[in-house]
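J.: In the numbering used here, the protein residues as written are 5 to 717.
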DNA sequence: CATAGCCGCCTTTTT
DNA sequence: GGCGGCTATG
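1. Residue 186 and residue 173 look like a contact to me (Cβ under 8 Å); what is the Cβ gap, rounded to whole Å?
2. State the CB to CB distance for the pair residue 231 and residue 253, rounded to an integer number of angstroms; the pair is presumed to be in contact (CB under 8 Å).
3. Alpha carbon to alpha carbon, how far is residue 358 from residue 611? Give it in angstroms, no decimals.
4. Which same chain residues, not among the five before or five after residue 77, have their C-beta less than 8 Å away from its C-beta?
5. Rounded to whole angstroms, what's the CA-CA distance from residue 560 to residue 79? Just pull it up for me.
6. Please confirm whether residue 114 and residue 532 have their CB atoms less than 7 Å apart.
7. Answer yes or no: do residue 241 and residue 284 have a C-beta to C-beta separation smaller than 7 Å?
8. Where does the unbroken beta strand (DSSP E) through residue 618 begin, and where does it stop?
9. Considering residue 429, what are the terminal residues of the alpha helix (DSSP H) in which it resides?
10. Below 8 Å, how does it come out for the stretch 603-610 and the stretch 564-576: are there three or more Cβ pairs, yes or no?
11. From residue 642 to residue 289, what distance separates their C-alpha atoms?
12. Touching or not, the stretch 298-312 and the stretch 336-349, by the rule of three or more beta carbon pairs under 8 Å?
13. On a Cα-Cα basis, can you pick out the residue from 329, 294, 239 that is closest to residue 272?
14. I think residue 98 touches residue 61, with their Cβ atoms under 8 Å apart; what is that distance to the nearest whole Å?
15. From residue 71 to residue 678, what distance separates their C-alpha atoms?
16. Taking 8 Å as the cut-off, does the stretch 177-193 touch the stretch 11-19 (at least 3 CB pairs, one atom from each stretch)?
17. On the DSSP letters alone, give me the boundaries of the alpha helix (DSSP H) that residue 351 sits inside.
18. Assign residue 168 to buried or exposed, taking buried as 16 or more other Cβ atoms, counted over all protein chains shown, within 10 Å of its Cβ.
19. Find the nearest neighbour of residue 237 within the set 268, 202, 258, judged by alpha-carbon distance.
20. If you run the structure through DSSP and keep just helix, strand and coil, what is residue 204?
21. Relative to the C-alpha of residue 31, which residue among 55, 196, 276, 94 is closest?
22. According to DSSP, residue 682 sits in a beta bridge with which residue or residues?
23. Could you give the distance in angstroms between the alpha-carbon of residue 640 and the alpha-carbon of residue 564?
24. Which residues share a DSSP beta bridge with residue 232?
25. How would you label residue 589, buried or exposed, when you count the other beta carbons within 10 angstroms and need 16 or more for buried?
26. Taking just the CA atoms, how far does residue 585 sit from residue 142?
27. For residue 634, does the three-state DSSP call read helix, strand or coil?
28. For residue 269 and residue 222, I'd like the C-alpha separation in whole angstroms.
29. If you compare alpha carbons, which of 441, 490, 351 is closest to residue 415?
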């Protein structure tokens with residue numbers, strides 16, 4: 005063991021790393037070395053004689069897991085077999101191993117968002133409901149929320165006592181039936197089925213909780229109820245749970261993350277040791293000061309200090325731009341300046357709230373010849389040719405997978421059209437066969453023409469032939485499929501070289517999977533890549549600027565950070581301004597973004613922005629004001645550390661200024677008291693708590709608030 | 001049965 | 001400003 009690594013740890017870090025038995029909670033602010041601590045802890049456990057096989061570490065992304073494995077191997081000087089993965093990968097492993105107890109076929113497909121949407125659309129239709137009134141996306145959200153709370157179909161049915169939940173129960177039932185007929189699980193099912201398996205099967209629970217003497221969970225603030233239950237059941241034998249996280253960085257409430265999991269940790273495990281890591285080794289003091297000032301505006305939080313350890317750095321810069329083209333150009337110019345100073349492009353990142361905002365940035369970076377990489381690797385797996393090839397592979401493993409089968413039955417075109425498909429479907433339904441089984445029996449289907457029968461037979465023969473190769477390496481199966489199914493020929497005919505390149509890339513990726521995996525198999529490969537996420541393809545070593553959403557930025561750090569689009573409606577996003585908790589989550593998201601920066605932080609907003617083709621006026625985000633300057637009397641110079649550009653300074657000299665506590669009257673809302681004032685010059689916002697009980701955010705320019713001389717209180 | 005073109009919904013964030 | 005699904009046409 006390389007002991008010199010340990011000497012670099014602080015006392016509290018060491019306390020967490022060398023904690024022996026019993027539950028442990030590591031409450032850690034940003035940049036406190038949290039990931040490092042959890043990695044060292046795994047290494048230290050193995051070093052002290054714990055079998056790697058008995059350790060389970062859960063991270064938030066596959067990328068994080070990969071890095072942890074690598075770092076662990078460096079520390080120990082050898083590769084180890086600790087189970088380090090995401091919650092979802094862990095569940096796939098468990099469900100495959102105990103498939104009979106879980107009552108599922110181990111060759112299950114994992115349905116991604118696109119496939120889920122297709123199923124849901126059909127489910128809604130089969131319930132004789134209008135997809136306009138019951139939009140598949142919203143229904144999926146609703147079903148997902150239920151699954152994350154471990155509400156299964158039966159429970160919902162028994163509880164459904166109003167029209168909406170009764171309808172939802174019908175749709176949920178239908179959707180679930182389709183998945184099970186396709187022998188498919190969606191992302192949420194992976195968690196739900198595992199949680200139920202561990203709850204209902206005592207022998208599985210005992211076996212696993214016995215095996216995992218130590219369970220470590222990173223980013224615990226973003227676990228949902230299902231994950232929480234799984235964690236509890238997994239540690240039921242040894243109670244050696246170690247959770248790390250930071251409530252201020254909880255940004256996944258919308259997908260079911262329950263911040264109460266981390267807040268109630270000490271109640272769940274009363275003997276828990278709590279270690280706080282409050283020192284920040286990442287960011288300069290002024291960046292931390294801004295982050296701290298921002299997050300202190302959140303009402304529902306535990307106070308926490310961020311202790312800087314770095315020397316003072318340069319100003320935070322806030323730029324006002326005309327529109328997003330201009331903003332992107334400003335970012336590109338600043339990046340060029342940094343590069344001229346000798347900064348490596350790999351130390352620069354640009355964050356934005358929504359994926360659609362990457363376009364303008366990409367264009368500007370291309371124009372300025374600045375290499376970049378977009379952290380959205382999932383796009384690769386969304387390409388038509390890739391999805392086609394993968395669909396063939398999925399059908400080979402799981403012939404029940406109807407979505408995949410319907411995708412490829414006539415791709416490339418082989419003369420099997422809608423009429424033929426409908427007739428086969430009817431035959432399948434009548435005989436209670438799977439669609440694939442019905443295809444096999446095509447010659448018995450009287451409604452089919454001889455020509456159709458022959459075409460189906462060719463297809464089925466090809467598939468059955470390919471099945472004989474399933475024990476070969478994944479790369480060679482993929483290559484066979486590409487050649488034998490006519491995909492290759494059709495791409496060559498259309499001379500789509502991009503598509504062919506992509507296929508080649510997929511085959512190389514499969515080859516490296518074959519090399520790296522302990523027990524490579526097509527099944528494992530398909531299930532793994534279904535769980536790939538955006539950050540997983542981010543190549544940290546490449547000398548290029550990283551572009552990503554604020555969500556993807558979690559867990560990463562960069563010397564130089566740009567955050568663009570600091571505008572009302574964008575950050576905080578308009579769709580999240582329904583209640584205070586949503587706004588607080590947006591604030592945490594911004595907090596995460598700011599605290600990724602080590603040395604320099606650049607932020608910008610636009611005066612105009614084109615959204616969905618429509619040019620509209622933007623106003624600066626109220627969050628900007630919360631960074632710690634410009635409170636009331638405009639004496640922001642004394643706060644120091646934040647530089648606003650001229651436009652910002654100019655605009656703020658015009659308009660009236662309000663002070664919290666001040667009494668005002670609005671023409672329709674009546675009397676109220678100022679709760680907050682966001683000084684943005686002519687774009688200023690005033691938050692008023694009216695006597696009617698409602699609180700409103702108003703643009704000063706339009707609100708026409710009457711003020712009173714003096715104060716009546 | 002294949003293709004082209006139109007319509008509508010979409011976009012907040014993701015394992 | 002894009003994608004997927006549906007329809008009309010050859």
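Ideal Cβ placement from N, Cα and C applies to all residues, glycine included. Because the structure is a prediction, the values reported are computed rather than measured.
T.: According to the structure shown:
1. For this step, residue 186 is matched to residue 182 along the first chain. For this step, residue 173 is matched to residue 169 along the first chain. Contact doesn't hold; Cβ gap of about 21 Å is too wide.
2. As a working mapping, residue 231 is identified with position 227 in the first chain. As a working mapping, residue 253 is identified with position 249 in the first chain. At roughly 16 Å, the Cβ-Cβ gap does not stay under 8 Å, so residue 231 and residue 253 are not in contact.
3. Against the first chain, residue 611 aligns to sequence position 607. Against the first chain, residue 358 aligns to sequence position 354. Rounded to the nearest angstrom, the two C-alpha atoms are 18 Å apart.
4. Looking up residue 77 in the first chain gives position 73. Correct list, in chain order: 83, 84.
5. Locating residue 560 in the first chain gives position 556, counting from the first residue. Locating residue 79 in the first chain gives position 75, counting from the first residue. Taking the straight line from one Cα to the other gives about 21 Å.
6. Within the first chain, numbered from 1, the residue matching residue 114 stands at position 110. Within the first chain, numbered from 1, the residue matching residue 532 stands at position 528. If you check the CB distance, residue 114 and residue 532 do not come in under 7 Å.
7. Here residue 241 corresponds to residue number 237 of the first chain, with the count starting at 1. Here residue 284 corresponds to residue number 280 of the first chain, with the count starting at 1. At a Cβ-Cβ threshold of 7 Å, residue 241 and residue 284 do not count as neighbours.
8. Along the first chain, read from residue 1 onward, the residue named residue 618 stands at position 614. Boundaries of the beta strand (DSSP E) harbouring residue 618: 618-621, taken from the DSSP string.
9. Residue 429 sits at position 425 when you count from the first residue of the first chain. Per DSSP, the continuous alpha helix (DSSP H) segment holding residue 429 begins and ends at 422-435.
10. Output reads yes: the stretch 564-576 touches the stretch 603-610.
11. Numbered from 1 along the first chain, position 638 holds the residue referred to as residue 642. Numbered from 1 along the first chain, position 285 holds the residue referred to as residue 289. Note on residue 642: pLDDT 34, under 50, position unreliable in the model; the coordinate value appears next. Residue 642 and residue 289 have their C-alpha atoms spaced approximately 16 Å apart.
12. Counting Cβ pairs under 8 Å, fewer than three are found: no touch.
13. Here residue 272 refers to the residue found at position 268 of the first chain. Nearest C-alpha to residue 272: 239.
14. Numbered from 1 along the first chain, position 94 holds the residue referred to as residue 98. Numbered from 1 along the first chain, position 57 holds the residue referred to as residue 61. So it is not a contact: roughly 15 Å between Cβ atoms.
15. If you number the first chain from 1, residue 71 lands on position 67. If you number the first chain from 1, residue 678 lands on position 674. The straight-line gap from Cα to Cα measures roughly 49 Å.
16. The stretch 11-19 vs the stretch 177-193: no contact.
17. Reading the first chain from its first residue, position 347 is the one you call residue 351. Premise fails: residue 351 is in no alpha helix (DSSP H) and is neither H nor E.
18. The residue given as residue 168 occupies position 164 in the first chain. Around the CB of residue 168, fewer than 16 other CB atoms lie within 10 Å, so the residue is classed as exposed.
19. Along the first chain, read from residue 1 onward, the residue named residue 237 stands at position 233. Comparing Cα positions, the closest option is 202.
20. Looking up residue 204 in the first chain gives position 200. In this structure, residue 204 counts as helix in the three-state DSSP scheme.
21. Counted from its first residue, the first chain places residue 31 at position 27. Distance from the Cα of residue 31 is smallest, within the candidate group 55, 196, 276, 94, for 276.
22. For this step, residue 682 is matched to residue 678 along the first chain. Checking the DSSP bridge columns, you'll see residue 682 partnered with 689.
23. Within the first chain, numbered from 1, the residue matching residue 640 stands at position 636. Within the first chain, numbered from 1, the residue matching residue 564 stands at position 560. Here the model assigns residue 640 a pLDDT of 37, short of 50, so the residue's position is not dependable, and the following value carries that caveat. Whole-angstrom Cα-Cα distance: 24 Å.
24. The count along the first chain starts at 1 and reaches residue 232 at position 228. Residue 232 pairs with nothing; no bridge assigned.
25. Numbered from 1 along the first chain, position 585 holds the residue referred to as residue 589. Buried, because 16 or more other Cβ atoms sit within 10 Å of the Cβ of residue 589.
26. The sequence position of residue 142 within the first chain is 138, counting from 1. The sequence position of residue 585 within the first chain is 581, counting from 1. Those two C-alpha atoms are separated by around 20 Å.
27. Your numbering for residue 634 matches position 630 in the first chain. Its pLDDT being 39, under 50, residue 634 is placed unreliably in this model, and the value from its coordinates should be taken loosely. For residue 634, the three-state secondary structure derived from DSSP is coil.
28. Reading the first chain from its first residue, position 265 is the one you call residue 269. Reading the first chain from its first residue, position 218 is the one you call residue 222. A direct Cα-Cα distance of roughly 14 Å separates residue 269 from residue 222.
29. Walking along the first chain from the start, residue 415 turns up at place 411. Of the listed residues, the one whose Cα sits closest to residue 415 is 490.
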